[in-house]
Amino acid sequence: MINEIKQDAQERMKKSLESLEHAFAKIRTGRAHPSILDGVMVSYYGADTPLRQVANVVAEDSRTLALTVFDKSMIQAVEKAIMTSDLGLNPATAGTTIRVPMPALTEETRKGYTRQARAEAENARVAVRNIRRDALAQLKDLVKEKEISEDEERRGQDDVQKLTDKFVADIDKALEAKEADLMAV
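Residues 1 to 185 in full-length UniProt numbering are what the sequence shown lists, from first letter to last.
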């Protein structure tokens, strides 16, 4: 019973951490990384399609992404989608390849992205704490129903708190790494 609650809490906390890492991947750093374009949607024969489904995206070097569009008639649409995204990128077409140079980040944009990363990290911390609260409430309910003793509840609470501390520390580490990445010139 207690182990199931801990297992469920751990899985949910892990999902919160993965969600944070996914959110961090979308925050642009000075380096080119294919995941930056994950949120870009291309109008493909009238339907919005993720960019990854119409083009292959690779990091050519640390400052440039190279896109190879599968359908050559889509080059204009892909270029337009990248330009109209809120990423501030200007693609350049060279034959069948679209190159996307990463502009250097100004100090102001770095700070803005750092604020965004901190907000994402705080949201993840809140999610982890809410999961802890749910797990502790489940333990309390088990004590009320006389399914576990108060000593078992106390041990379960300690285990859930240790899990929470571990995941909050992981979130802090991920934030630290992202901030270092953002502030590197």
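In this text, a Cβ means the ideal position worked out from N, Cα and C, and glycines have one as well. The structure presented is a predicted model; accordingly, all values stated were derived computationally and were not measured.
Candidates the options, of which the one nearest residue i by Cα
i: Leu37; options: Val100, Asp8, Ala47 and Lys6; result: Val100
i: Val42; options: Asn90, Lys80, Gln116 and Ala119; result: Lys80
i: Arg115; options: Thr164, Arg155 and Glu176; result: Glu176
i: Gln10; options: Lys166, Gln53 and Glu150; result: Lys166
i: Ala121; options: Lys6, Val168, Glu4 and Arg31; result: Val168
i: His33; options: Thr49, Gln157 and Ser62; result: Ser62
i: Arg110; options: Lys15, Asp8 and Glu179; result: Glu179
i: Asp134; options: Glu21, Arg118, Lys26 and Gly156; result: Gly156
i: Lys26; options: Asp141, Tyr113, Lys146 and Lys6; result: Tyr113
i: Val126; options: Leu20, Ile5, Lys6 and Tyr44; result: Leu20
i: Asp170; options: Lys15, Thr106, Gln76 and Met102; result: Lys15
i: Lys173; options: Arg118, Lys162 and Asp71; result: Arg118
i: Asp71; options: Pro91, Asn90, Leu89 and Tyr45; result: Tyr45
i: Gly95; options: Glu108, Glu107 and Gln76; result: Gln76
Whole-Å CB distance - residue i paired with residue j, under 8 Å assumed
i: Thr93; j: Thr68; result: At roughly 12 Å, the Cβ-Cβ gap does not stay under 8 Å, so Thr93 and Thr68 are not in contact.
i: Val78; j: Val57; result: Contact flag wrong, Cβ pair sits at about 10 Å.
i: Ala124; j: Leu17; result: 7 Å
i: Arg28; j: Leu87; result: 6 Å
i: Val128; j: Met13; result: 5 Å
Beta-bridge partners of residue i, as assigned by DSSP
i: Met41; result: Pro50
Close beta carbons around residue i, own chain, < 6 Å, minus the five adjacent residues each side
i: Arg132; result: Val160 and Thr164
i: Met74; result: Val54
i: Glu60; result: Ala66
i: Lys6; result: Asp159
i: Asp181; result: Thr29
i: Pro91; result: Glu79, Ile82, Ile98 and Val100
Contacting residues, own chain, Cβ-Cβ under 7 Å from residue i (five flanking each side not counted)
i: Ala23; result: Glu120
i: Val40; result: Leu51, Ala81, Ile82 and Ser85
i: Ala104; result: Gly30
i: Val143; result: Glu150 and Glu153
i: Leu136; result: Gln157 and Val160
Spatial neighbours of residue i in its chain, beta-carbon cut-off 8 Å, leaving aside the 5 residues before and after
i: Ile148; result: Met1, Ile2, Leu139, Leu142 and Gly156
Cβ-heavy atom distance, residue i to the ligand GTP, below 7 Å
i: Asp172; result: Within the structure as shown, the ligand GTP is missing, as the structure has no ligands at all.
Go through the region 84-152 residue by residue and report every complete run of the beta strand (DSSP E) that reaches 3 residues or more, in order.
-> List check, beta strand (DSSP E) in window: 92-94 and 97-101.
At what residue ranges does the region 52-80 contain a whole run of the beta strand (DSSP E), taking only runs of 3 or more?
-> Whole beta strand (DSSP E) segments, 3+ residues: 55-61 and 64-69.
What are the start and end residues of each continuous alpha helix (DSSP H) run of 4 or more residues lying completely inside the region 148-184, in chain order?
-> Taking only runs of at least 4 residues, the alpha helix (DSSP H) segments lying wholly in the region 148-184 are 150-183.
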